[in-house]
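Novice:
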Amino acid sequence: MRIINKIRYCLSLLYCSIKFSLSSFFKRSIPDKNVKIDAVYLWADFNDPSWLRTRERHRMSLLGYKNKFDYTKNSMNELKYSLRALEKNFKNLNKIHILTDGQIPNWLNLKNNSLKIVFHKDLFKDKKHLPSYNSPTMESYVHEIPGLTEQFLCLNDDYFVNAPFYADDFFFADGGIRPRLGRKIAEKGPLSIDFDLVTKVVRNTELLLDKTQKKELRLTPPHRPQPMTKTLMRECEKRYKEAFEMTRRCHFRSEFMYLLHNQLMPYMACYQKKAAFVVNLFEKDMFYWSNDLGENLRRYDQFKKQKMFCIQEDRAIKLNEQSIVQFNNLMNKLFPKKSSFEK
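If you're matching positions, the sequence shown starts at 6 in this note's numbering and goes up one per residue.
This is the structure:
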């Protein structure tokens with residue numbers, strides 16, 4: 006029975022992949038090769054003890070408990086290397102916007118006119134949504150950044166582009182987008198106490214799509230750069246006011262929020278024929294960094310060959326100083342040239 010269920014799952018996964026990627030084969034107008042696209046990063050310095058203490062104080066006042074926290078003197082500096090990679094390889098890059106809670110990396114070149122720091126307190130229209138330690142809340146506001154290009158990429162600092170790419174890898178000239186899809190079928194069934202938070206939030210969004218768009222199997226959103234347009238995000242916000250408001254009220258991650266920018270909006274656009282999904286079933290792009298230096302070297306030999314990749318800390322561990330230094334050394338080797346965003 007277990008084998009039969011696995012076969013059924015694989016067939017359903019293949020069906021979803023084919024179904025949602027078919028629109029990619031239809032001819033659509035590609036953007037002008039000279040079009041300029043902004044990029045938005047969400048960033049926080051988790052090695053800042055003052056910020057961590059403030060976060061836990063807010064957690065106590067809002068949720069009634071607080072977590073212990075650790076921080077290290079050394080930083081992995083993911084944002085630095087992600088910016089190096091993006092500036093080198095994204096041929097249509099215009100400006101960088103960094104959305105942050107009052108923090109600024111000490112290595113950042115604030116004199117660069119192509120760089121803009123955006124603070125939560127200046128962007129959030131409704132101040133009752135502050136403070137925010139919840140990335141979906143922040144993502145729900147990115148389209149309101151002043152001066153942002155109509156088409157833009159939203160990404161986290163743990164993602165790195167390792168090969169040249171262009172606007173037409175993510176956008177169409179008619180305002181359409183080319184978002185990526187994950188490799189799992191999105192959960193729809195009854196919630197289990199064993200489900201992790203991400204699965205619960207994916208399920209919330211799936212049930213909303215079933216109710217308002219079409220009841221069918223869909224794939225989960227991946228952890229990748231997300232193509233967005235201000236027009237599509239505003240349309241999504243107008244149509245799904247309650248989902249946006251519910252998510253924005255979540256100062257911390259919560260099982261009551263929705264995945265707005267990388268699940269709800271792309272599928273809404275797909276059903277309106279304004280999105281053509283790209284499915285990568287067999288491309289490995291997620292890697293985990295650990296305290297095993299030998300294993301890290303083996304992973305480095307893998308991800309340095311990928312066009313795009315994400316590196317996250319191995320689950321349930323605290324990285325030691327040696328592994329952090331190793332990460333910086335290897336990323337300096339992979340992306341040795343400083344970006345114009347560094348001092």
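Heads up, the beta-carbon is just placed ideally off N, CA and C, and yes, glycines get one too.
Going by alpha carbons, who is nearest to residue 295 out of 79, 304 and 137?
Specialist: Closest option to residue 295, Cα to Cα, is 304.
Novice: Just how far apart, CA to CA, sit residue 343 and residue 81?
Specialist: Straight-line Cα distance between these residues: approximately 16 Å.
Novice: What would DSSP say about residue 127, mapped onto helix, strand or coil?
Specialist: Looking at residue 127 - three-state DSSP - the assignment turns out to be helix.
Novice: Taking only three categories from DSSP, how would you classify residue 293?
Specialist: Three-state result, residue 293: strand.
Novice: What does DSSP give as the partner residues of residue 233 in its beta bridges?
Specialist: Its beta-bridge partners are 157.
Novice: Report the rounded CA-to-CA distance for residue 45 versus residue 158, giving the unit in angstroms.
Specialist: About 6 Å.
Novice: When we look at the beta-carbon of residue 139 and count the other beta-carbons within 10 Å, is it buried (16 or more) or exposed?
Specialist: Classification of residue 139: buried, given that the 10 Å Cβ count is 16 or more.
Novice: Restricting to runs no shorter than 4 residues, where is the alpha helix (DSSP H) found entirely within the region 32-111?
Specialist: Segments of the alpha helix (DSSP H) lying fully in the region 32-111: 54-68 and 83-94.
Novice: For chain C, is any of its Cβ atoms less than 8 Å away from the one on residue 305?
Specialist: No chain C appears in this structure, which consists of one protein chain only.
Novice: Per DSSP, what are the beta-bridge partners of residue 280 in this structure?
Specialist: Beta-bridge pairing links residue 280 to 182.
Novice: Please work out which residues of its chain come closer than 6 Å, Cβ to Cβ, to residue 26, disregarding the five sequence neighbours upstream and downstream, and give them in chain order.
Specialist: Only 282 and 284 meet the Cβ criterion.
Novice: When you compare the region 53-72 with the region 207-215, are there three or more beta-carbon pairs, one atom per stretch, that lie closer than 8 Å?
Specialist: Short answer: they don't touch.
Novice: Take the Cβ of residue 289 as the centre, count every other Cβ of all protein chains shown within 10 Å, and call the residue buried at 16 or more, exposed below.
Specialist: With fewer than 16 Cβ atoms within 10 Å of its Cβ, residue 289 is classed as exposed.
Novice: Excluding the 5 residues preceding and the 5 following residue 107 in the sequence, name in chain order all residues of the same chain whose CB lies nearer than 6 Å to its CB.
Specialist: If we look at residue 107 and ignore the five residues flanking it on each side, its Cβ neighbours are 124.
Novice: Exposed or buried, which one is residue 268 when buried takes at least 16 other CB atoms within 10 Å?
Specialist: The residue in question, residue 268, is buried, as its Cβ has 16 or more Cβ neighbours within 10 Å.
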